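Residues 273 to 467 in my numbering are what the sequence shown lists, from first letter to last. Below is one structure; the comments refer to it alone.
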Amino acid sequence: YRENFAKNTSAWDYLISQNSYSSEIFKRAFAFDGEMLEIGYPRNDILINENNETKINEIKERLGIDKDKKIILYAPTWRDNEYYDSGVYKFATEMDFNAMLVKDKINWDEYGDFVIECNEKWDIQELYLISDILITDYSSVMFDYALLNRPMLFFTYDMEFYKDNLRDFYFDINTVPGPLIESTDELIEFIRGNT
Numbered sequence: 273y274r275e276n277f278a279k280n281t282s283a284w285d286y287l288i289s290q291n292s293y294s295s296e297i298f299k300r301a302f303a304f305d306g307e308m309l310e311i312g313y314p315r316n317d318i319l320i321n322e323n324n325e326t327k328i329n330e331i332k333e334r335l336g337i338d339k340d341k342k343i344i345l346y347a348p349t350w351r352d353n354e355y356y357d358s359g360v361y362k363f364a365t366e367m368d369f370n371a372m373l374v375k376d377k378i379n380w381d382e383y384g385d386f387v388i389e390c391n392e393k394w395d396i397q398e399l400y401l402i403s404d405i406l407i408t409d410y411s412s413v414m415f416d417y418a419l420l421n422r423p424m425l426f427f428t429y430d431m432e433f434y435k436d437n438l439r440d441f442y443f444d445i446n447t448v449p450g451p452l453i454e455s456t457d458e459l460i461e462f463i464r465g466n467t
């Protein structure tokens, strides 16, 4: 994986970043010594230019979602230690889906439109746009979603293990723009108090 990654990055002429801090991180993370373009991500233009009721309702209608339904987007990062095969990662979380009225077998049918399972065919920027709250953990989705100035919850049940054994953090995780939550009960309590 790392060899293929290094081969790919060596062919890059430019790398886009949001700011100078990210540029320095990206240079190290991607072993990139080419030119950085600090122009933001074009993929996020929709979050600024299309953040209006008309566009949000249009996306919901296309996806078959009731326009009056509140949307909670759960977008965790992948875990290096949770995979089926090389490059094929599992959906792994300690969130108690039964307590949140869903189940763990990834067959959401019995819950009707309460849960909508998304895959790689869905545009994550559109999902950001239609969601009212983001639940993530250490994923970089937080940086994109922050452009919407909407509530974010950080489900950090494995923070010490992640920091010490998987990838660590590029910044102080305690400075994220939302509460660090370690249990499903805390998560449910916060959602109930903020929706």
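Don't be surprised by glycine CBs; every beta carbon is placed ideally from N, CA and C. As the structure is a computational prediction, the values presented were derived from the model and not from experiment.
For residue i, tell me which candidate among the options has the shortest Cα-Cα distance.
| i | options | result |
| --- | --- | --- |
| S335 | F426, E454, K393 | The sequence shown places Leu at residue 335, not Ser. The shortest C-alpha separation from L335 is found at K393. |
| R422 | I337, D409, L319, K435 | L319 |
| K332 | P449, A418, I402 | I402 |
| E310 | E296, D409, K435 | E296 |
| I445 | D430, E458, I396 | D430 |
| P449 | F443, N323, M414 | M414 |
| R300 | N323, E458, G465, Y442 | Y442 |
Would you mind stating whether residue i and residue j have Cβ atoms separated by less than 8 Å?
| i | j | result |
| --- | --- | --- |
| M308 | S289 | yes |
| I407 | F427 | yes |
| L419 | N316 | yes |
Can you find the residues in the same chain that come closer than 7 Å, C-beta to C-beta, to residue i, ignoring five residues on each side of it along the sequence?
| i | result |
| --- | --- |
| K377 | Confidence at K377 is low in this model, with a pLDDT of 46, below 50, so its placement is unreliable and the value that follows should be read with caution. Answer for K377: no residue qualifies. |
| G312 | Q290 |
| A303 | A278, T281 |
| G306 | W284, D285, Y286, L287 |
Which residues in the same chain have their Cβ closer than 8 Å to the Cβ of residue i, if we skip the five residues on either side of it in sequence?
| i | result |
| --- | --- |
| I463 | I344, I405, L425 |
| G465 | none |
| N323 | L401, L420 |
Use the C-beta contact count for residue i: other C-beta atoms within 10 angstroms, 16 or more gives buried, fewer gives exposed.
| i | result |
| --- | --- |
| A347 | buried |
| T447 | exposed |
| D416 | buried |
| S292 | exposed |
| E275 | exposed |
| K375 | Interpretation of K375 is limited by its pLDDT of 40, a score under 50 that renders its predicted location unreliable; the figure taken from the coordinates is listed afterwards. K375 comes out exposed. |
| D409 | buried |
Less than 6 Å between C-beta atoms, sequence neighbours within five positions excluded: which residues of the same chain meet that for residue i?
| i | result |
| --- | --- |
| S412 | none |
Quick one: is residue i near chain D, going by C-beta distance under 8 Å?
| i | result |
| --- | --- |
| I343 | Protein chain content of the structure displayed is limited to a single chain, and chain D is not contained in it. |
Between the stretch 326–334 and the stretch 447–467, can you find at least three pairs of beta-carbon atoms closer than 8 Å?
no
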